[in-house]
Every structure is written in C-alpha cells, then in structure tokens.
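Here the structure comes first, spelled out in structure tokens, and everything after it is commentary.
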Amino acid sequence: MGLIDLHCHLLPGLDDGSPNMETSLRLAQEAVADGVSHCLVTPHHLNGHYVNHKQNVIAATNAFQAALEEAKIPLTVFPGQEVRVSDRVLPAYDNDDLLYVDEGGKYLLLEMPSGGIPAFAKQLVFELTQRGITPIIVHPERNAEILDNPERLAPFLEQGCLTQLTAASYMGTFGKKIENLTTRLIEAGQGTIFASDAHALARRDYELNEGLTKMARDFSPRLAEYYRRNARRLINGEPVQMNWQPLKRKRRFWLF
Numbered sequence: 395m396g397l398i399d400l401h402c403h404l405l406p407g408l409d410d411g412s413p414n415m416e417t418s419l420r421l422a423q424e425a426v427a428d429g430v431s432h433c434l435v436t437p438h439h440l441n442g443h444y445v446n447h448k449q450n451v452i453a454a455t456n457a458f459q460a461a462l463e464e465a466k467i468p469l470t471v472f473p474g475q476e477v478r479v480s481d482r483v484l485p486a487y488d489n490d491d492l493l494y495v496d497e498g499g500k501y502l503l504l505e506m507p508s509g510g511i512p513a514f515a516k517q518l519v520f521e522l523t524q525r526g527i528t529p530i531i532v533h534p535e536r537n538a539e540i541l542d543n544p545e546r547l548a549p550f551l552e553q554g555c556l557t558q559l560t561a562a563s564y565m566g567t568f569g570k571k572i573e574n575l576t577t578r579l580i581e582a583g584q585g586t587i588f589a590s591d592a593h594a595l596a597r598r599d600y601e602l603n604e605g606l607t608k609m610a611r612d613f614s615p616r617l618a619e620y621y622r623r624n625a626r627r628l629i630n631g632e633p634v635q636m637n638w639q640p641l642k643r644k645r646r647f648w649l650f
C-alpha cells in the first residue's frame, strides 16, 4: 500500500476543486506519481458556498472510481466530506448526511472558516464528541486567527480533536509564515497527519510525499512513519493518540 491522502478535492464539478473529469484524472495521475494509492475525496460541505449531500458524494465517487479503472490509473478512492463549522452540522448528523474518514463514523474532517474561529466552535466540538465523533481540524495552520495566535488551537486539542496539516504548507507553498507555523506545530506534536488538500489550482498540486520526506530529514524518519501510520489508522477507524505540548515561545531579539 502506498500513501493515503485523507483530504483532497479530486471529484469533478462539486466544489472549487476539479472542474471536470479530465482534470480529475490528471490530478489522480499526479497523486499516483507522488506515491499515493488511496484517497479520501472530500468536497466541501455546508461552507456557505457548497452543499454536497452524502448520497451525491457517494454516487460521484463511484463514477470517478469507474473512470479511474477505465483509464487504468491505480488509485482507490473513498467518499468523504470537508465539513465546515456551522449550525447545520448537527442537523446534518441527525439526517445521516455526513460522511466520515472511516466507515464506522468515528472521525470527521472539520474545517474552520479561513478568517477565524467561530464563537460556537468549541460547543460544536463538544456536541460531536458526545456523539462519539472525533473531529479532525483540517489545515489549522492556514486559519488566520490561529496563524496570528497559534495558542488558539490548543483548547481544541484539549477537547480531543486531532489535526490535519497540509504538506504544501510545510513545503513553503503558501509562504514562510505558514511554513514556520506548520513546523512549530509538528515540533510540539500538534499535528496528526499530512494530507494534500489538492485542488486544480496553481500552487495546490501534490506534495504529500515531498512533505513526508522533508519531515524525515528535518525531524526523524520515525515521525514521518507516525504520520503515515496515522492516516491508515484513521481510515480504518482505529485509535490515534496525540502526545502534544504547548508551542514553544518564539525567541525575540532586541537591539541595544
């Protein structure tokens, strides 16, 4: 088994990811070239722009898998969603309109708005955990509020959330500030997995393998393997533990 990518926007025409099947197949080829063998395809859901109902995503995933097989691209895809924090999440849960990382419904990809953290986010996380769901906060390093105040992530980790860091963030694709925060989160054990978050956009290509290779070099091969293994555990619904600590304070240098 190759790498498992638990967050990508490869399904055609459902959100701001791939616009058509041709692009989706190209992205799939790029994924395979990057060493990926399995993808959780995760269109946006309930984010104010896109609503991708569970049954529609399942149907689109099945059609995409058939197209992959016809094109002889060795990639296996599973249906998922990137669910935005909102007051519609719990009603969607009640209506069986959520897709999870695993078939057992234990892990849910949860996205904060890019500009900040809603006041009700902690309550939503509490409600989800009470229902046996562990939220995985996606790309926290790219949230504007966390980027400016990284300690804002810790309360969610205390609630039991896991995190998905974007490999491209660690590679510097989104700029030095995001790269530095990603590195600090990794150092403090505040990351659980890498994913691609691949879109059909500039600077959103596959860098998953590159990110893990850099992690093995900068930190240790053992840590990179921990991230790889966590992806497998999550998609299988197995327990994943984080051993995290508060972020180290950034050093300040004063001129006299």
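Under this note's numbering, the first residue of the sequence shown is numbered 395, with each subsequent residue one higher. Even for Gly, the Cβ is constructed at its ideal location relative to N, Cα and C.
Per DSSP, reduced to three states, the secondary structure at residue 587 is strand. Cβ-Cβ distances below 7 Å link residue 396 to 429, 430 and 431 in the same chain, with the five nearest sequence neighbours on each side left out; the list follows chain order. In this structure residue 549 is exposed. Its beta-carbon is surrounded by fewer than 16 other beta-carbon atoms within 10 angstroms. For residue 545, there is no enclosing beta strand (DSSP E), as DSSP marks it with neither H nor E. Per DSSP, residue 521 is one residue of the alpha helix (DSSP H) stretching across 515-524. Distance from the CA of residue 455 to the CA of residue 643, rounded to the nearest whole angstrom, comes to 44 Å. Taking a cut-off of 8 Å on C-beta distances, the stretch 431-443 touches the stretch 402-410, as three or more cross pairs fall below it. The straight-line gap separating the alpha-carbon atoms of residue 409 and residue 620 is approximately 31 Å.
When DSSP states are grouped into helix, strand and coil, residue 607 belongs to the helix group. The C-alpha of residue 580 lies about 12 Å from the C-alpha of residue 533. A Cβ-Cβ distance of about 14 Å is found for the pair residue 515 and residue 440, leaving them out of contact under the 8 Å criterion.
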